[in-house]
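Comments concern the structure below.
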Amino acid sequence: MPYSLKQRLATGRLVESYPALAAKAKTPKGSFATAEKLTRTIRWSPGDITSGRFRYQLYRFLADTVPAVGACIWTWSRLTGAPGQFMVRSDENNATVERAQERLDRLAERLYVNPLGSRVGLASLITELSTTLFRDGLVGGFLTVNPDASSVDRFIPVDPMHIQRDADRRPGRLYLELDNRRIDLHRPDFYLITLSDSTTSPLGRSILTAVPFVSYIEQQLVSDMQRSSHNAGFHRLHVKITPPERMAGESDQAYTERINRYFDTTVDMIRSCEVDDNPVTWDNVEVEYIGPTHSRDIANSWFMSHRAMIEEICAGTNLAPFLLGYSYGATTTWADFKFDIVMRQVRSIQTQIARFLEWIGDVELALGGFDLRCDYRFDNSFAYRAADEVSTQTGQIDNILKLYQSGLIDKDTAREKACRIL
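Quick note on the working numbering: the sequence shown kicks off at 7 and runs consecutively.
Shown next as structure tokens:
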């Protein structure tokens, strides 16, 4: 009699469908630790940043301080974190499948615990994973179980800066470096997701890899514009005072003191002059304006230069500028086309996340004694496409009605075609 999944977990006899659980340990169930035991082992602390990981620190600094970079990370992670749910992979609809589905629904509600210790559910976990994945290029963590190993407890992410690869003595092996200690990550309760990994970058590649240099130029441009605006962005007046003529018999010292007093009095009057006041001077005071003669041209030049830098940053993160609010008159059709390209990229990332969540769901079902598998499906339907889809469906239904009225198809065929569209 074949073993159930729970028996396989208890005895260590796992089929190839569970490669992540097939560890060297005799009892894979014992390979999963509780959250309390694991946090004591790795001394996990949310937001822990260690020195020496300059690339991750640079990416996080850019995401936190440069608005365009932060908006790119925000947009990618929110598009990827679309609503979704676990679905039991079964064609049957019986009590066992219903119980398994209820178990997966409860798992989605408790799977993630935020740094404050509150269980906030799967939606927050996906957003957190997506943000880290796009910003750092990889995300990983440990799956923990309850003390009695009856169900999955939570998923605990780790800081990617602590994940290292031993390329010298143990190629392909990952370890977690904490407090001069190394924890081997070749274990069944650890899962790693990488972004755009390759033979040269096995730990993934951040979408900000091509951004730092351009971002530096953009920030320097903003700094220069700030200094320029501070100096010449507002009207400035140049007041020229012609010294009064020297009186007959006036000594050099008396003449110098008199013109200095006249100069100080004029300066005090100009400085204390309110908006609705009118200065009164002799005709030996001349007021000139200092500043750009064509300020609009200068502002337009700065805008075009800054726009070019923003577009370079957006291109470096594989986003179109209009997705961040930078609209330059693109038509609706062109915008929809570019957004469709972005969503195709999002779906490829969601596939990786879905495989990760299905791994967790399969473990949960196995611990519950269910000989079933699960799928995780994202809902990427958006309201902006609802009108187009309704219009397309209406046209297709009209064509079916015309074919039926013309006698080219029978009623059953027309009903079958209409059901496929709807």
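Glycine is no exception: its CB is placed at the ideal position from the N, C-alpha and C atoms. None of these values were measured; they are calculated from a predicted model.
**Item:** Opposing strand residues paired with D190 [DSSP bridges]
**Value:** Y181
**Request:** Let me know the secondary structure DSSP gives P218 once reduced to three states.
**Result:** helix
**Request:** Assign F161 to buried or exposed, taking buried as 16 or more other Cβ atoms, counted over all protein chains shown, within 10 Å of its Cβ.
**Result:** buried
**Asked** For the 8 Å Cβ check, are there 3 or more pairs between the region 253–261 and the region 350–360?
**Response** No contact exists between the region 253–261 and the region 350–360.
**Prompt:** Are the Cβ atoms of P163 and L135 separated by less than 8 Å?
**Reply:** The beta carbons of P163 and L135 sit closer together than 8 Å.
**Asked** Would you report the Cα separation of R61 and Q351, rounded to the nearest angstrom?
**Response** Whole-angstrom Cα-Cα distance: 24 Å.
**Request:** Taking all protein chains shown into account, decide if F148 is buried (16 or more other Cβ within 10 angstroms of its Cβ) or exposed.
**Result:** buried
**Request:** Measure the C-alpha to C-alpha separation of V151 and L110 and round it to an integer number of angstroms.
**Result:** C-alpha of V151 to C-alpha of L110: approximately 14 Å in a straight line.
**Asked** In angstroms, rounded to a whole number, what distance separates the CA positions of E115 and D159?
**Response** 11 Å
**Message:** Quick test of your reading: L373 and A155, contact by CB under 8 Å. State the CB separation rounded to the nearest angstrom.
**Reply:** 6 Å
**Request:** Report yes if the CB atom of Y222 is closer than 8 Å to the CB atom of D142, and no otherwise.
**Result:** no
**Request:** Could you round the C-beta distance between C380 and G367 to whole angstroms and report it? I think they count as a contact, below 8 Å.
**Result:** 4 Å
**Message:** Does P73 come out as helix, strand or coil in the three-state DSSP assignment?
**Reply:** helix
**Item:** Pair within 8 Å by beta-carbon distance, I319 and V228
**Value:** no
**Request:** Could you have a look at Y118 and say whether DSSP puts it in helix, strand or coil?
**Result:** Y118: coil per DSSP, three-state reduction.
**Prompt:** So is R179 buried or exposed if we call it buried at 16+ other beta carbons inside 10 Å?
**Reply:** exposed
**Item:** Alpha-carbon spacing of E294 relative to R313, whole angstroms
**Value:** Each residue's Cα considered, the two are about 34 Å apart.
**Prompt:** For M315, does the three-state DSSP call read helix, strand or coil?
**Reply:** Residue state, collapsed to three classes: helix.
**Proximity to L113 [Cα-Cα], best of P250, Y382 and S387** = Y382
**Prompt:** Going by DSSP, which residues form a beta bridge with F3?
**Reply:** Nothing about residue 3 can be read from this structure; the chain reaches only from 7 to 428.
**Request:** Can you check DSSP and say which residues form a bridge with M93?
**Result:** D381.
**Request:** Put A420 into one of helix, strand or coil per three-state DSSP.
**Result:** helix
**Supposed close pair A326, V348 - CB separation, criterion 8 Å** = 7 Å
**Distance between F140 and L131 (C-alpha atoms, nearest Å)** = Their backbone Cα atoms lie some 14 Å apart in a straight line.
**Message:** Based on DSSP bridge pairs, tell me the residues matched to E294.
**Reply:** Residue pairing of E294 in beta bridges, as defined by DSSP: H244.
**Item:** Residues near M93 by beta carbon distance below 7 Å, same chain, minus five either side
**Value:** C380, D381 and R383
**Asked** According to DSSP, is D203 helix, strand or coil?
**Response** coil
**Proximity of Y197 and W365 at Cβ, strictly below 8 Å** = yes
**Prompt:** When you compare only the Cα positions, how much space is there between E263 and P249?
**Reply:** 11 Å
**Message:** Going by DSSP in three states, D172 sits in which element: helix, strand or coil?
**Reply:** In the three-state DSSP reduction, D172 falls in the strand class (E or B).
**Request:** Give me the Cβ distance between P166 and L144, rounded to the nearest whole Å; I'm assuming they're in contact under 8 Å.
**Result:** 5 Å
**Request:** Taking L209 and T215 to be in contact with their CB atoms under 8 Å, please state how far apart those CB atoms are, rounded to whole angstroms.
**Result:** Not confirmed; about 12 Å, so no contact.
**Request:** Look at the alpha carbon of L409 and the alpha carbon of S397, and state the distance between them as a whole number of angstroms.
**Result:** 19 Å
**Prompt:** Near K246, what residues of its chain come up, given a Cβ to Cβ distance below 6 Å and the 5 sequence neighbours on each side ignored?
**Reply:** Excluding residues within five positions, the ones whose Cβ falls inside 6 Å are E292.
**Asked** R267 lies in the alpha helix (DSSP H); which residues open and close that run?
**Response** D258 to R277
**Asked** Leaving out the 5 sequence neighbours to the left and right, which residues in its chain are closer than 6 Å to I427 when beta-carbon positions are compared?
**Response** Q399 and Q402
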